[in-house]
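Number of protein chains: 2
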Amino acid sequence: MAEPEYTAEGELLRPRGYQAWTFAGGPVGLDYSDRKPAEGPGVFHTVYLQPEAYRHYARTGKFPEKTMLVLELREPGEREVIVKQGWFAGKLVGVAAAVKDHGRFPNEGWAYFDFGEAGGKASALAPARCHRCHSEHGADDNVFVQFYPALRELKNAAAAPSPSSPPDPSAYSK
Amino acid sequence: MAEPEYTAEGELLRPRGYQAWTFAGGPVGLDYSDRKPAEGPGVFHTVYLQPEAYRHYARTGKFPEKTMLVLELREPGEREVIVKQGWFAGKLVGVAAAVKDHGRFPNEGWAYFDFGEAGGKASALAPARCHRCHSEHGADDNVFVQFYPALRELKNAAAAPSPSSPPDPSAYSK
Chain A
0 MAEPEYTAEG ELLRPRGYQA WTFAGGPVGL DYSDRKPAEG PGVFHTVYLQ
50 PEAYRHYART GKFPEKTMLV LELREPGERE VIVKQGWFAG KLVGVAAAVK
100 DHGRFPNEGW AYFDFGEAGG KASALAPARC HRCHSEHGAD DNVFVQFYPA
150 LRELKNAAAA PSPSSPPDPS AYSK
Chain B
0 MAEPEYTAEG ELLRPRGYQA WTFAGGPVGL DYSDRKPAEG PGVFHTVYLQ
50 PEAYRHYART GKFPEKTMLV LELREPGERE VIVKQGWFAG KLVGVAAAVK
100 DHGRFPNEGW AYFDFGEAGG KASALAPARC HRCHSEHGAD DNVFVQFYPA
150 LRELKNAAAA PSPSSPPDPS AYSK
């Protein structure tokens, strides 16, 4: 499993190759303000985690130590040519990460990092509101599992397997 | 690599475990009509392909035979609790697949299947407009690579590597 790497100063190095990791979910247009985006649905969020962390979660319902959830932020691009309306994830505008590492972050076990568009390393974010919101509202272990179909349905599928529950936990548990 | 499986009648079996495959992209609100959705950004699309097909594409720029692109369709759910606005992928409303298989579909090499919400198998779609649009507008080999960041940036990254190009093709080419 790709593990978080830190500088001597404790900054997290920007994870590499995460686009080949497992997709957790992709909300759009999240905003702390009431301001409507000038055009389109707002920013595309794409969240990935290591395949091994995903399989561990499928098997145990727990995120293993060294889990990294990487968040990409992209401006919306309009899919105007083919269909009458719709939007896709366009230009990259930011990358962030949540890391589970109790050895390094003993209080909560998780820390949050903002690389911006092109930063190669990032310090753990200070704002208490980030930690508080993840802690209070993340459905499972500080993670917003409720918004990530691939994760939340692993639990649903285990509880009530049916043809409309596409994930097959047994396929991940090897 | 998970390969397409067909019934004796030539129907494709609904792929299993694809949520653990590689994420290609997730447009929202695509529609052939001008009708605006009653609420929210419209339907969330999530497109996955086999990890092996992704790595093959990263290495060669070609989709291998037996590539499957699985499309999930989900109603938008509103993320009202935490932030002021924003949407996430909610209830599953449909699954479709594009399959590259020249042995079985010698004319174009690709066929398209619609499983609906819970169907376990599907016949190749007849409408010529599906084939025509994929053929005319898919940026690469009938695939809408232009709308899938993880695929289109593999080519960009190979052409001009930089810190703002997160995918690292060398990491996929083993």
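Residue numbers (numbering that gives the first Met the number 0), protein chains in the order written: chain A, 0 to 173; chain B, 0 to 173. Positions of the beta carbon are idealized from the N, C-alpha and C atoms, including for glycine.
(message) Is there a C-beta anywhere in chain B that falls below 9 Å from the one on aspartate 33 (chain A)?
(response) yes
(request) Leaving out five residues on either side along the sequence, give the residues of the same chain with a beta carbon under 7 Å from the beta carbon of tyrosine 17 (chain B). (result) Tyr47, Val69
(request) Examine chain B for any beta-carbon lying closer than 9 Å to the beta-carbon of tryptophan 109 (chain A), and answer yes or no. (result) no
(message) According to DSSP, simplified to helix, strand and coil, what is glycine 39 (chain B)?
(response) coil
(message) Please tell me whether, using a cut-off of 8 Å, the distance from the CB of lysine 90 (chain B) to the nearest non-hydrogen atom of the ligand NAD is below it.
(response) Ligands are entirely absent from the displayed structure, and the ligand NAD is therefore not among its contents.
(message) Check for me: the alpha helix (DSSP H) holding tyrosine 56 (chain A) runs from which residue to which?
(response) 50 to 59
(request) Mind listing the chain A neighbours of valine 92 (chain B)? Cutoff is C-beta to C-beta under 9 Å, in chain order. (result) Near valine 92 (chain B) there are no residues of chain A at all, since even the closest Cβ is about 10 Å away, more than 9 Å.
(request) Decide if valine 27 (chain B) is buried, meaning its Cβ has at least 16 other Cβ atoms within 10 Å, or exposed. (result) buried
(request) Measure how close the beta-carbons of lysine 120 (chain A) and threonine 21 (chain A) come, nearest whole angstrom, since I'm counting them as under 8 Å. (result) Not confirmed; about 24 Å, so no contact.
(request) Let me know if threonine 66 (chain B) comes out buried or exposed under the rule of 16 or more other beta-carbons within 10 Å of its beta-carbon. (result) buried
(request) Give the C-beta separation of glutamate 51 (chain A) and serine 122 (chain A) to the nearest angstrom, bearing in mind that I take them to be a contact with Cβ-Cβ under 8 Å. (result) Rounded, the Cβ-Cβ distance is 26 Å, inconsistent with contact.
(message) So if DSSP puts threonine 21 (chain A) in a beta bridge, which residue, or which two residues, is it bridged to?
(response) A:Leu48, B:Thr21
(message) Measuring straight from C-alpha to C-alpha, what distance separates methionine 0 (chain B) and serine 32 (chain A)?
(response) 44 Å
(request) Note down, in chain order, every chain A residue with its Cβ under 9 Å from the Cβ of tyrosine 5 (chain B). (result) Within 9 Å Cβ-Cβ: nothing; tyrosine 5 (chain B) doesn't reach chain A, min ~18 Å.
(message) Closer than 7 Å between beta carbons: that is the criterion. Which residues of the stretch 124 to 151 of chain A meet it against chain C?
(response) In the displayed structure, chain C is absent; the protein chains listed are A and B.
(request) Report yes or no: is there a C-beta of chain B within less than 9 Å of the C-beta of glutamine 18 (chain A)? (result) yes
(message) Among A:Gly108, A:Gly85, A:Glu116, whose alpha-carbon lies nearest the alpha-carbon of serine 134 (chain A)?
(response) A:Gly108
(request) Consider the Cβ of valine 27 (chain A): report whether some Cβ of chain B lies at a distance smaller than 9 Å. (result) yes
(request) Tell me whether proline 26 (chain A) sits in a helix, a strand or coil according to DSSP, three-state version. (result) coil
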